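Residue numbering for the sequence shown follows numbering that gives the first Met the number 0, beginning at 0 and increasing consecutively.
From the three backbone atoms N, C-alpha and C, an ideal C-beta is built for every residue, glycine too.
Note that the coordinates shown come from a computational prediction; the quantities given were computed from them, not determined experimentally.
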Amino acid sequence: MTGAPPGFAVLVVGAGFAGLYAHHRLRALGLTIQGFEAAADVGGTWWWNRYPGARCDVESMDYCYSFSPELEQDWTWSERYATQPEILRYLNHVADRFDLRRDIQFDTRVTAATWDEAAQRWRVVTDRGDRVSAQFLVMATGCLSQAKDPEIDGIETFDGEIFHTGRWPHEGVDFTGRRVGVIGTGSSGIQSIPVIARQAAHLTVFQRTPNFTMPAKNAPLDQQAIADRKARAREIREAMRASRAGIVVPMPEHSALGVDDESREALYARAWDTGTLYGMVAAFNDLLINRDANDTAAEYVRARIRSIVDDPEVAERLSPRNHPFGTKRPCLDTDYYATYNRENVTLVDVRETPIVAVTPTGVRTSADDFELDAIVFATGFDAMTGPLLGPDFTGAHGRKLRDRWAAGPRTYLGIATAGFPNLFIVTGPGSPSVLVNMAVAIEHHVDWMADCIAYLRQRGLASIDATTEAEDAWVDHVNEVANVTLFPHANSWYMGANVPGKPRVFMPYIGGFPRYDDVCRGVAADDYRGFTLTPATSPEPAPST
Ligand code: FAD
Ligand code: NAP
């Protein structure tokens, strides 16, 4: 872009599930839009995370858009849990079908955004030297888009190749005949380890915290299931939106402590066999709030691990004991535990023998040197706040977002943050986001924001800003509901615990999707209660369309 800084109505940062829908929805309002995306194309998560075994763990037919009934009827998923390439094909199809690429500038990262109080607009700068302004700024930058390397000495000295699951090479990686090390056993590690083990000469897994994972029971979708689903698509979508986690799940009625051992065991066995994330978590109504109840689920999974893994010592090392079941995000896997029965797989507990350094030839722990040709960092993300604190945000009165959030993120509804007018965050901290089916959360947020922008423009209002009172009350509520649960007991990325120095705050909203939706609707119906709306100072708002 050259010449005078161009002005737009809306700037959308990110082109994953959220950014793409934001373009579609905001364009329908007749607004001028500029999109920026750091990646070379659309897809977000599914553009970046191309590691072996990457797939969704919310069922494909639920993990997709609902905004277009025609799209829903025309697109057919091939597997219960779609692979990364298939999800990326879907997002490309959506981008083509709705002509969404035309306003997006790829390979461009937003590096700074400053609120211009006089003009009531955002002035935005990118790493390619673009300078643009917009009345509204939509951060569709994702909760899990900033990959995080481990803090280990000597990484730069390694003579072999290093990969991060969240920045996987597009041409793929062939591990045949190579000695591979994987560091990390969250969802990305758990999905990739069985696939890498089948290819590599030898695989060494460096585990800091064993996670709870359940079999995905993935399979091709049969024609009848697809036809049934399509016939009931609208009805199911409504039920999803009314459900606690954006997925239709039968609500449990019983406490895990209120049934006898045999019934409890039978229920867990059924839940295990559902091949879903929620099966076990929703087996009883108190697993996430009562430690004794939770222990029964944790012990059930540990017994399953012992029944799968041949070597009792390895089984014990794989058994989670330092956090309650479900309080770090649980995982779905294909053959994860059985992979440790392979001759070519070694599990190293790096709590017992910590990693000391990466050396030119491999990984050194306090007990051993492991010679490796390649290392995979499955070490996760600076989740939720990372992508929002990356750019240098300056709000009203010159206040920096990094300073305002120094003790943890502060938002109203997870959508807005006080002192940063006209800034909308999709699935921000303080919203249900990562605790629910994100396709549902994303559509919800984008719809709410688009309605809000339409409201402001119809009334000739220049800006909307959350009040600190409303924000404080919301932050208190988010903490209050989190503290009723066992979630704060785990050192999870939900708590920011995976990033040294990050404030320990439970970031997502765990009050459930319907409750959250009710609040959002109420706020809008009440003329945006908790926000300050400012009229344009001149009869004409700043040039924006
Ligand atoms: P993203 O897809 O993360 O897209 C954000 C985009 O913003 C990225 O492309 C990034 O490059 C861009 N961006 C960020 N900052 C900037 C900047 N400053 N300037 C320019 N561009 C920027 N959720 C589920 O509900 N179900 C699942 O099964 C599921 N599986 C997952 C599997 C993996 C491997 C991962 C990592 C996450 C998974 N998630 C899942 C969560 C997933 O992130 C969301 O479901 C969804 O894809 C998020 O979409 P988004 O558009 O909000 O963000
Ligand atoms: P993650 O859950 O944060 O896991 C990272 C792993 O790396 C953890 O086991 C962590 O150990 C370990 N680790 C980090 N730094 C380390 C170090 N210095 N030394 C040793 N180990 C270290 O990240 P992720 O697996 O990428 O998943 C993140 C989220 O993305 C998931 O929770 C999920 O929401 C989403 N996701 C979903 C799927 C899916 O199945 N659809 C797949 C991938 C990702 P600690 O636990 O001790 O910190």
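Minimum Cα-Cα distance from A21 among the listed residues F392, F423, W74 corresponds to F423. Residue M448 holds the alpha-carbon nearest to the alpha-carbon of R520 among P329, M448, A489, T378. Per DSSP, the continuous beta strand (DSSP E) segment holding I374 begins and ends at 373-376.
Leaving aside the five residues that flank R96 on each side, none in its chain has a CB nearer than 6 Å to its CB. For the pair N217 and Y80, the CB atoms are nearer than the 8 Å cut-off. Distances from the CA of D471 to each of R101, P408, I225, E442 were compared; the closest alpha carbon is that of P408. In the structure shown, E116 adopts coil according to DSSP, grouped into three states. When the beta-carbon positions are compared, N210 and E252 stay at least 8 Å from each other. Take T82, set aside five residues on each side of it, and the residues of its chain with a beta-carbon closer than 8 Å to its own are A53, R54, in chain order.
DSSP, reduced to helix, strand and coil, places K399 within a strand of the structure shown. Distance from the CA of T110 to the CA of D126, rounded to the nearest whole angstrom, comes to 6 Å. With fewer than 16 other Cβ atoms inside 10 Å of its own Cβ, D106 counts as exposed. The shortest C-alpha to C-alpha distance from D221 to any of S77, R177, G128 is the one to S77. Scanning the segment 84-166 from its first residue to its last, the whole beta strand (DSSP E) runs of 3-plus residues come out as 109-115, 120-125, 130-138, 160-163. Between R398 and T416, the gap from beta carbon to beta carbon reaches 8 Å or more. The three-state secondary structure of E312, taken from DSSP, is helix. Using a 10 angstroms sphere on the CB of D259, the tally of other CB atoms stays under 16, which defines it as exposed. Taking 8 Å as the cut-off, the beta carbon of W167 is found closer than this to the beta carbon of Y50.
Here the segment 172-189 does not lie against the segment 385-393, with fewer than 3 beta-carbon pairs under 8 Å apart.
For D348, same chain residues with a beta-carbon under 7 Å away, outside a window of 5 residues either side, are Q206, R316 in chain order.
With fewer than 16 other beta carbons inside 10 angstroms of its own, N340 counts as exposed. By the criterion of at least three beta-carbon pairs nearer than 8 Å, the segment 352-371 is in contact with the segment 152-165.
Non-local C-beta neighbours of V194 in its own chain, meaning closer than 8 Å and more than five positions away in sequence, comprise P51, G52, ordered along the chain. Between V204 and L346, the CB-CB gap stays under 8 Å.
Residue range 260-272 is occupied by the alpha helix (DSSP H) that includes S262. Taking the Cα positions, A453 is about 29 Å away from L143. Across the structure, A292 and S254 are spaced so that their CA atoms are roughly 7 Å apart. Remark: the C-beta of L371 is outside contact range of the ligand FAD, defined as less than 7 Å to any heavy atom.
If you ignore the 5 residues before and after S187, its C-beta comes within less than 8 Å of the C-beta of N48, Y50, A53, T164, G165, A377, G379, all in its own chain and listed in chain order. Looking at the DSSP output, A465 bridges to F530. If one requires a minimum length of 3 residues, the beta strand (DSSP E) runs lying completely within the segment 194-244 are 201-206, 212-214, in chain order. A direct Cα-to-Cα measurement between I189 and V181 gives close to 10 Å.
Within the same chain, Q119, G459, L460, A461, A541 come within 8 Å of A535 by CB-CB distance, once the 5 residues on both sides are set aside. Residue M239 holds the alpha-carbon nearest to the alpha-carbon of F512 among L30, G29, M239, K327. In summary, S306 is exposed, with fewer than 16 beta-carbon neighbours lying within 10 Å of its beta-carbon over all protein chains present. Per DSSP, the unbroken alpha helix (DSSP H) holding L387 starts and ends at 385-388.
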